[in-house]
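Input: a single structure, listed below in structure tokens.
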Amino acid sequence: MIKRFDPIEGRNAEIIEEVMQTQEVAKLDEDLQFKIRLCVEEVEENILCYSGSTWIEVSVIMDGNVLVIGFKDGGIEFDPLAKEDPDIEAPVEKRQIGGLGIFICKQMMDSLEYKYEKGCNIFTMRKEIN
Amino acid sequence: MEISINKQGDKTIVTLNGRLDTTNAAQFQNDITPLMEDANPDIEMDCTNMEYTSSQGLRMFLMLQKSVSSKGGKLVMVNMRPAVREVFDITGFSKIIKIE
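Heads up: the sequence lines are chains D and Z, in that order. Using this note's numbering, you'd call the opening residue of the first sequence number 1 and step up by one each time. Using this note's numbering, you'd call the opening residue of the second sequence number 1001 and step up by one each time.
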């Protein structure tokens, strides 16, 4: 599935459901679907908050036994992977509110990749499916 | 996400139902704001039917825990589903919020 959403404002739930309903994702077990939903939401929220793009292109494919979910947008160059991980050992009074989204993706996916190409942010996440 | 808040003596029971995500986190924040105004909070969150939380939901739980801790109060989350518990574990939230 490759689908472009333009405009994207207010459509985050719709974009997530489009991914969840693809044949690649719909057949996965409940636990994997939970993880995919969460990571898609986190990446999408990041794009909506920081990139300023009016459009987003989302792709879902299987590459062998690896599920590959791609996000492309035309916003300002922003590498979410460059951000420092939150300190998850910090006591409650020092824990920062925020900065958890991409960290969750790092834990739940097998790999995350970011590149800026031809004026577009391209973010790809991969998860091996057994 | 549906939320119900009931007082049982000095304790406040919060029942969460459904998915907590970017579409309803702002509403959830409004719903739990009164809990942060309690002078001596003793809160139990029943998570039996909480199906999902994104980082937006975690932000709200952290805000609530910070408020409760600053007043020397209590917050406990009970009956959390394993998939939701995993989100709390990998983010270190299960070390700062009591889960039973």
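C-beta atoms are modelled at their ideal positions from N, C-alpha and C, and glycine is treated no differently.
Distance CB(residue i)-CB(residue j) smaller than 7 Å
{"i": "C39/D", "j": "C120/D", "result": "no"}
{"i": "V1078/Z", "j": "D1038/Z", "result": "no"}
{"i": "V1076/Z", "j": "E1051/Z", "result": "no"}
{"i": "T1012/Z", "j": "S1004/Z", "result": "no"}
{"i": "V132/D", "j": "I1096/Z", "result": "Nothing can be reported for residue 132/D, as the shown portion of chain D is limited to 1 through 130."}
{"i": "V60/D", "j": "M1/D", "result": "yes"}
{"i": "G1073/Z", "j": "P1034/Z", "result": "no"}
{"i": "L28/D", "j": "L1058/Z", "result": "no"}
{"i": "E18/D", "j": "S1054/Z", "result": "no"}
{"i": "K3/D", "j": "V58/D", "result": "yes"}
{"i": "D85/D", "j": "F103/D", "result": "yes"}
{"i": "D73/D", "j": "S51/D", "result": "yes"}
Range covered by the beta strand (DSSP E) that runs through residue i
{"i": "I61/D", "result": "I56 to D63"}
{"i": "N1006/Z", "result": "E1002 to Q1008"}
{"i": "N1017/Z", "result": "K1011 to L1020"}
{"i": "I2/D", "result": "I2 to F5"}
Element boundaries [alpha helix (DSSP H), containing residue i]
{"i": "Q23/D", "result": "Q23 to A26"}
{"i": "F34/D", "result": "E30 to Y50"}
{"i": "R1085/Z", "result": "P1082 to I1090"}
{"i": "N12/D", "result": "N12 to M20"}
{"i": "A1025/Z", "result": "A1025 to M1036"}
Residues bridged to residue i (per DSSP)
{"i": "F126/D", "result": "Checking the displayed sequence, the identity of residue 126/D turns out to be Arg instead of Phe. R126/D is bridged to V68/D and S111/D."}
{"i": "V1068/Z", "result": "Looking at the DSSP assignment, V1068/Z forms no beta bridge with any residue, so it has no partner."}
{"i": "F78/D", "result": "In DSSP, F78/D forms no bridge with anything."}
{"i": "I1099/Z", "result": "M1077/Z"}
{"i": "N1049/Z", "result": "N1017/Z"}
{"i": "D85/D", "result": "None; D85/D has no bridge partner."}
Within chain D, the residues that residue i reaches when beta carbons sit closer than 9 Å
{"i": "K1066/Z", "result": "V92, E93, R95 and I97"}
{"i": "M1063/Z", "result": "I97"}
Residue i versus the options, residue with shortest Cα-Cα distance
{"i": "L67/D", "options": "K118/D, A90/D, L32/D and P91/D", "result": "L32/D"}
{"i": "M1036/Z", "options": "L1016/Z, S1070/Z and E1086/Z", "result": "S1070/Z"}
{"i": "F1028/Z", "options": "E1002/Z, N1006/Z and R1085/Z", "result": "E1002/Z"}
{"i": "F1093/Z", "options": "N1006/Z, L1016/Z, F1061/Z and I1013/Z", "result": "F1061/Z"}
{"i": "K115/D", "options": "Q21/D, T54/D and L81/D", "result": "L81/D"}
{"i": "F5/D", "options": "S53/D, E41/D and L28/D", "result": "S53/D"}
{"i": "L1020/Z", "options": "K1098/Z, F1088/Z, Q1056/Z and P1082/Z", "result": "Q1056/Z"}
{"i": "Q107/D", "options": "S51/D, M62/D, R126/D and D29/D", "result": "R126/D"}
{"i": "N12/D", "options": "R95/D, L112/D, N46/D and V92/D", "result": "N46/D"}
{"i": "T989/Z", "options": "E44/D, E77/D, A90/D and G98/D", "result": "This structure gives no information on residue 989/Z, because the portion of chain Z shown stretches from 1001 to 1100."}
{"i": "I129/D", "options": "E84/D, F71/D, G64/D and Q96/D", "result": "G64/D"}
{"i": "S111/D", "options": "D73/D, I36/D and I16/D", "result": "I36/D"}
{"i": "K1066/Z", "options": "K83/D, Q96/D, Y50/D and P86/D", "result": "Q96/D"}
{"i": "G1018/Z", "options": "V1084/Z, A1026/Z, N1049/Z and E1100/Z", "result": "N1049/Z"}
{"i": "V1068/Z", "options": "P1082/Z, I1032/Z and E1086/Z", "result": "I1032/Z"}
{"i": "A1025/Z", "options": "G1009/Z, E1086/Z and M1063/Z", "result": "M1063/Z"}
{"i": "K83/D", "options": "G75/D, K94/D, G98/D and I69/D", "result": "G98/D"}
Contact list for residue i against chain D, beta-carbon separation under 7 Å
{"i": "S1055/Z", "result": "E42, L100, G101 and I104"}
Where residue i meets chain D, residues with beta-carbon distance less than 8 Å
{"i": "V1087/Z", "result": "L38 and I104"}
{"i": "S1069/Z", "result": "V92 and E93"}
{"i": "G1073/Z", "result": "Going along chain D, no residue has its Cβ under 8 Å from G1073/Z, so there is no contact; the nearest lies around 12 Å."}
Residue i CB to nearest heavy atom of the ligand GTP below 6 Å
{"i": "E14/D", "result": "With respect to the ligand GTP, the structure shown offers nothing to examine, as it has no ligands at all."}
Partners in chain Z for residue i, counting only beta-carbon separations shorter than 9 Å
{"i": "A13/D", "result": "D1021, T1022 and T1023"}
{"i": "E24/D", "result": "The premise fails here: E24/D is roughly 20 Å from chain Z at the closest Cβ pair, so nothing lies under 9 Å."}
Under 8 Å from the C-beta of residue i: neighbouring residues of chain Z
{"i": "F34/D", "result": "Y1052 and A1083"}
Residues that residue i contacts on chain Z, provided the C-beta gap is smaller than 7 Å
{"i": "I88/D", "result": "T1091 and G1092"}
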